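Residue numbers (UniProt numbering): 1 to 356.
Ideal Cβ placement from N, Cα and C applies to all residues, glycine included.
Predicted, not measured: the structure shown is a model, and the values here were computed from it.
Read the structure below first, then the notes.
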């Protein structure tokens, strides 16, 4: 690569580094002496600064078996640079890394900081990473679970990107009350973090995702999103996400194609039903389906709960749903199965009930 992998003004937890070798020394120290999250940070810094032209990244496993993929450093650099430019995050930006560096989102925070010369502070990827921190930050990234538990402390961050899961209607409502500029992101490991963003709050709030620079979108025959981003991928990326394409650079997310429920000939997107229900259900839940002799498939509701729940308990809750969207049965499980990044492993939970 001709571009520099390390900006001279980069700082890690207040420490400056006169050379890549000095940063490698610090990284080795973290690997040998750090806590679990610090070990991951140290290992990735060493990988980013090694002689190879690629890095390896684990997928989260929320929609399938976790796997390891290889990403070219040049493409990773381009992705990081696009985010830096889009959000105007110049050198000396003070940022907080509170995601695991085992996965792409955490790794990309490190890359952005190293190539743009940020002052990066790190903390363990806990549910409220801001709770015991007195500093304020220009930029950070979180998953929805962290945002929900950090609402009272979000004023410590000026710009926040949220990814790794859907932002519920209730969380969206709460975010309208804060001054932090919050953006939902769309992306995956294969797209090297996000390729589109939408403002969640503020005067530019929108349900529409807009592409980052040099990214375009199209639909395939199944109305699934195709991503064309030559700066990060030589080939177009075909997703399994059903969207409403607004323009070549914008779309509205509807749901995953493999989650679509065909009930009585009507297609129901679980994600849309979940969005309608989220203001009314406080426990973790999701919408799925099971076979039905008359309908082909019927909608069911899975809730994380230690007590048995009945349909009649949710009569008012279901009033916002159409007849086809209304769950025909409720299943409960005391504890859901989650990925390391906090996403529900829907398929694993459904296996518990012998559902397909």
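Residue i (DSSP reduced to helix, strand or coil)
i	result
residue 199	strand
residue 70	strand
residue 318	helix
residue 103	strand
residue 172	helix
residue 4	coil
residue 15	strand
residue 210	strand
residue 83	helix
residue 372	The requested residue 372 is not part of the displayed model; the chain covers only 1 to 356.
residue 149	helix
residue 78	helix
residue 307	coil
residue 113	helix
residue 275	helix
residue 313	helix
Whether residue i touches residue j by CB criterion (8 Å)
i	j	result
residue 190	residue 69	yes
residue 49	residue 20	yes
residue 97	residue 114	no
residue 303	residue 330	yes
residue 245	residue 269	no
residue 111	residue 167	no
residue 374	residue 185	Summary: the structure shown does not reach residue 374, with the chain confined to residues 1 through 356, and so no result is reported for it.
residue 46	residue 38	no
residue 297	residue 262	yes
residue 311	residue 285	no
residue 124	residue 7	no
residue 169	residue 101	no
residue 314	residue 266	no
residue 28	residue 232	no
Which residues DSSP lists as bridging residue i, in chain order
i	result
residue 243	253
residue 160	140 and 182
residue 261	268
residue 228	216
residue 188	193
residue 58	68 and 103
residue 238	226
residue 95	120 and 139
residue 338	344
Cutoff 6 Å; reference residue i; Cβ partners in own chain excluding five residues on either side
i	result
residue 211	196 and 249
residue 12	120
residue 86	212
residue 218	226
residue 356	At residue 356 the pLDDT is 42, less than 50, meaning the model places this residue with poor confidence; the figure from the coordinates comes in the next sentence. Taken in chain order, the list of residues that qualify is empty.
residue 278	168, 169 and 170
residue 353	331
Own chain residues within Cβ distance below 7 Å of residue i, not counting five before or after
i	result
residue 140	95, 96, 98, 157 and 160
residue 127	145, 146 and 149
residue 34	42
Residues near residue i by beta carbon distance below 8 Å, same chain, minus five either side
i	result
residue 308	332
residue 73	1, 5, 48, 52, 53, 54 and 55
residue 252	207, 208, 209, 243, 244 and 246
residue 91	7, 9, 116, 117 and 118
Boundaries of the beta strand (DSSP E) in which residue i is found, first to last residue
i	result
residue 304	296-304
residue 120	119-122
residue 41	Here residue 41 belongs to no beta strand (DSSP E); instead the alpha helix (DSSP H) covers 36-48.
residue 359	Since the first and last residues shown for the chain are 1 and 356, residue 359 lies out of range.
residue 331	329-333
First and last residue of the uninterrupted alpha helix (DSSP H) at residue i
i	result
residue 352	346-352
residue 24	20-33
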